[in-house]
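Peer 1:
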Amino acid sequence: MKWFLSLLAGLLLSVSVSAEPAPRLLVLGDSLSAGYGLEHPDQGWVSLMAQDLKNDYKVINASISGDTTAGGLARLPALLDKYSPEILIIELGGNDGLRGYSLATLRQNLSQMVSLGQAAGAEVVVMEIQIPPNYGKRYTEKFTAIFSQVAADKNARLIPFFLTELALVDGMMQADGIHPTAAAQNTMKDQVLDALQLAQR
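Per mature numbering (1 follows the signal peptide of the UniProt record, and there is no 0), the sequence shown runs over residues -19 to -1, 1 to 182.
#1: Classify Pro161 as helix, strand or coil using the three-state DSSP reduction.
#2: Per the DSSP calculation, Leu9 is bridged to which residue(s)?
#3: Are the Cβ atoms of Leu60 and Ile41 separated by less than 9 angstroms?
#4: Span of the beta strand (DSSP E) holding Glu104?
#5: Measuring CA to CA, which of Pro114, Ala3, Ile159, Lys170 is closest to Ile140?
#6: Once DSSP output is grouped into helix, strand and coil, what is the label at Val(-5)?
#7: Could you tell me the boundaries of the alpha helix (DSSP H) in which Ile127 lies?
#8: Do Ala103 and Leu69 have their C-beta atoms within less than 9 angstroms of each other?
#9: In or out: His160 buried (at least 16 other Cβ within 10 Å) or exposed?
#10: If you follow the alpha helix (DSSP H) that Arg88 is in, where does it begin and where does it stop?
#11: Where does Ala43 land, buried or exposed, given buried means 16+ other C-beta within 10 angstroms?
#12: Would you report the Cα separation of residue 187 and Leu84, rounded to the nearest angstrom?
#13: From the DSSP secondary-structure annotation, give me the bridge partner or partners of Leu139.
#14: Between the alpha carbons of Gln24 and Tyr38, how many angstroms are there, rounded?
#15: Let me know if Leu(-15) comes out buried or exposed under the rule of 16 or more other beta-carbons within 10 Å of its beta-carbon.
#16: Can you give me the Cβ contacts of Tyr116 inside the same chain, cut-off strictly under 6 angstroms, excluding the 5 residues immediately before and after it?
#17: From what residue to what residue does the beta strand (DSSP E) around Val40 run?
#18: Do you know whose CA, among Val131, Leu179, Gly98, Ala163, lies nearest Ile110's CA?
#19: Any idea if Val173 is buried or exposed, counting beta-carbon neighbours within 10 angstroms, 16 or more meaning buried?
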């Protein structure tokens, strides 16, 4: 009887271990992460990353095309409460810059999102964003610098802009010159994964 009880306990332990939920990785982004302009949503870099990490992480894509840092900040508390992510990737700011929004507000919104994620126990990753020089060199340079400044101030990880080199390669950008094509998504995904260096379970 003792051996049977020991075997049963072992089986129950095995089931509980195997049933342990995978850690969650939440992507809070805009059209660059939502797959804007792609024929199929699963062609986007976040979906490709989810496929690569399917045995190690549950990837949740909370990206909305056209979203701003203000929109992300408004949505984030509910997302953190619902998913309790171990990793939070923030890919926002492009629409703020394209619309010429206040850089002080951009910085404040990013900083608050990082703080919220860290307070919820997530490792926060800030993705650098770059924009065309529509509003002049001074605005553009200050805009880009904000991402590394916030990451440094908050002790968060920074991923350099993942379209810097792709933007110069034929076939990698859509006709608008802002959004990447399906052909670019795998490279974008690899850049993010290389920067994250996620430990395998």
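Just so you know, even glycine gets a beta-carbon here, dropped at the ideal spot from N, CA and C.
Peer 2: If we stick to the structure as given:
#1: Of the three classes helix, strand and coil, the one that applies to Pro161 here is strand, per DSSP.
#2: In the DSSP output, where bridge partners are listed per residue, Leu9 has Ile71.
#3: In this structure, Ile41 lies closer than 9 angstroms to Leu60 by Cβ.
#4: Looking at the DSSP string, the run of the beta strand (DSSP E) that includes Glu104 is 104 to 108.
#5: For the residues Pro114, Ala3, Ile159, Lys170, the minimum Cα distance to Ile140 belongs to Lys170.
#6: Bear in mind that the predicted position of Val(-5) carries a pLDDT of just 48, short of 50, making it too unreliable to give a figure here.
#7: Segment 118 to 134, the alpha helix (DSSP H) holding Ile127.
#8: Yes, the Cβ-Cβ distance between Ala103 and Leu69 is below 9 angstroms.
#9: It is buried - the Cβ of His160 has at least 16 other Cβ atoms within 10 Å.
#10: Start and end: 84 to 100.
#11: Of the residues assessed, Ala43 falls on the buried side of the cut-off, its CB having 16 or more other CB atoms within 10 angstroms.
#12: Because the chain here runs from -19 to 182, residue 187 falls outside it and cannot be looked at.
#13: Answer is Val107, bridged to Leu139.
#14: Answer to the nearest angstrom: the Cα atoms are 19 angstroms apart.
#15: The pLDDT assigned to Leu(-15) is 45, lower than 50, so where the model puts this residue is not dependable; a value taken from the coordinates is nonetheless given after this. Burial call: exposed.
#16: For Tyr116, where only same-chain residues beyond five positions count, the Cβ hits under 6 angstroms are Gly81.
#17: That run of the beta strand (DSSP E) goes 39 to 42.
#18: Out of Val131, Leu179, Gly98, Ala163, Val131 has the C-alpha closest to the C-alpha of Ile110.
#19: Buried, by the Cβ-count rule.
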